[in-house]
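Peer 1: Residue numbers (the numbering used here): 33 to 329. Beta carbons: idealized from backbone N, C-alpha and C, even for Gly. Quick caveat, the model's predicted, so the values are computed rather than measured. Take this structure, written in C-alpha cells, and hold onto it; I'll ask about it next.
Below, the structure written as C-alpha cells:
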C-alpha cells in the first residue's frame, strides 16, 4: 500500500489516543493518508516522559522503515508536541523526512502548573518533565521544519491549563484561538482549516528582528528556572526598573515568596509574566541588578 503522507497524531498528558486519532482520520487525513496515533496509556502519562519519547520514536522509526518514500506530517497536542520535539531533536534521519510540524497547546517554555507541583524538580511524577524549558530545542527544529503553533485563551492569558506565553517561540507561525480550552484544542473543529491551510503552503517562518521589549523578554526567559505564567497578578506588581522608552520591569512575591516578574509597555499593558522558584531566586536578583546597572550607564 502506498501513502501520500504519514500523519503522526500524538495525544498528551492525562489522555489516550482515541480523540486525536479520530480527529486526524476524519478531519485531516485523505483516503491515502496513513494515520499513526500511538497510545501512550493514560496512567503512563502521569509518570515520566522518557519512556514515552522512546515509545513514539520506536513507532516512528518502524513506520518510516515500512514506508521509506512517504513524507511525514506531525500534529502533537500538549505533551504530545513536547514528545515530538524530543524525538526530532534526537533522530536527525526522522527530522529530514518531516514536511510540517503542528504544536497544539504545547508548553514549550515549561508548564507553570507543573513547576508549582514540583518546584525543586525532584521528579514528582510527570511534573518535572512538563516544567522543562524546551525553547532551544524547538527553535532548532523550527529553523529547519515549517512549524505552526496553535494556542487557546479562555481567560486573557491561558487555556485553563497552560499559559499562552509558554507556547510561543521563534521562528513559527503562531495562532491563538479565543474561547477554546486546553482539552478542547486536541480535536476542535476550528483547527481543521488552520492546519489544512498551513499544509497547503508549509514554509519555515523568518523570525522578525526582536525589538527592545522582545529582546528583554528573551533575556529573562533565558534565565534557568524562569517559567512563563498567567499575567493575572500583574496588578499586584510594583515597578522595579524603568527604561528610557517607558518599558518597565515589575516584580511581585506571592505568599510563598515565589518571585514573579513582569514586563510592561509605557501604557502599562503586560507584555510578559514569569516566575522563578526558590532555587533560582538569587540568579534572578543578580540579573535584575545587572540590568539596572546597564540602565544607569
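(1) Applying the criterion that 16 or more other CB atoms from any shown protein chain within 10 Å of the CB defines a buried residue, is residue 101 buried or exposed?
(2) Where DSSP assigns a beta bridge to residue 8, which residues make up the other side?
(3) Once you ignore the five residues that flank residue 263 on each side, which residues in its own chain have a CB closer than 6 Å to its CB?
(4) Rounded to the nearest angstrom, what separates residue 209 and residue 329 at their Cα positions?
(5) According to DSSP, is residue 88 part of a helix, a strand, or is it coil?
(6) What residue does the beta strand (DSSP E) around residue 204 start on, and which one ends it?
(7) Have a look at residue 320 and residue 165 and give me their C-alpha separation to the nearest angstrom.
(8) Less than 9 Å between the beta carbons of residue 200 and residue 183, yes or no?
(9) Measuring alpha carbon to alpha carbon, tell me which residue in 111, 193, 175 and 136 is nearest residue 240.
(10) For residue 203, tell me which candidate among 40, 110, 296 and 181 has the shortest Cα-Cα distance.
(11) Tell me the residue span of the beta strand (DSSP E) that contains residue 41.
(12) Going by DSSP in three states, residue 329 sits in which element: helix, strand or coil?
(13) Just to check my reading of the structure: residue 177 and residue 130 have Cβ atoms closer than 8 Å, yes? What is that Cβ distance to the nearest angstrom?
Peer 2: Here's the rundown:
(1) In the chain shown, counting from the first residue as 1, residue 101 sits at position 69. If you draw a 10 Å sphere on the C-beta of residue 101, you find fewer than 16 other C-beta atoms in it, and that means exposed.
(2) Nothing can be reported for residue 8, as the shown portion of the chain is limited to 33 through 329.
(3) Along the chain shown, read from residue 1 onward, the residue named residue 263 stands at position 231. Counting only Cβ-Cβ distances below 6 Å, and skipping sequence neighbours, we find 189, 302 and 305.
(4) Residue mapping note: residue 209 aligns to position 177 of the chain shown, counting from 1. Residue mapping note: residue 329 aligns to position 297 of the chain shown, counting from 1. Using only the alpha carbons, I get a separation of about 42 Å.
(5) Here residue 88 is taken as the residue at index 56 of the chain shown, counted from 1. In the structure shown, residue 88 sits in a helix (DSSP, three-state: H, G or I).
(6) The residue labelled residue 204 in the question sits at position 172 within the chain shown. Annotation for residue 204: no beta strand (DSSP E) segment contains it, and DSSP assigns it neither H nor E.
(7) What you label residue 320 is simply residue 288 of the chain shown in a count that begins at 1. What you label residue 165 is simply residue 133 of the chain shown in a count that begins at 1. Rounded to whole angstroms, residue 320 to residue 165 spans 20 Å at the Cα level.
(8) For the purposes of this step, residue 200 is taken as residue 168 along the chain shown, with counting starting at 1. For the purposes of this step, residue 183 is taken as residue 151 along the chain shown, with counting starting at 1. Taking C-beta atoms as the reference points, residue 200 and residue 183 count as a pair closer than 9 Å.
(9) Position 208 of the chain shown, counted from the first residue, corresponds to residue 240. Put simply, of 111, 193, 175 and 136 the residue whose alpha carbon is nearest the alpha carbon of residue 240 is 175.
(10) Taking the chain shown and counting its residues from 1, the one referred to as residue 203 is at position 171. Out of 40, 110, 296 and 181, 181 has the C-alpha closest to the C-alpha of residue 203.
(11) For the purposes of this step, residue 41 is taken as the residue at position 9 of the chain shown. Per DSSP, the unbroken beta strand (DSSP E) holding residue 41 starts and ends at 37 to 42.
(12) The residue labelled residue 329 in the question sits at position 297 within the chain shown. Three-state result, residue 329: coil.
(13) In the chain shown, counting from the first residue as 1, residue 177 sits at position 145. In the chain shown, counting from the first residue as 1, residue 130 sits at position 98. Correct: roughly 5 Å between the Cβ atoms.
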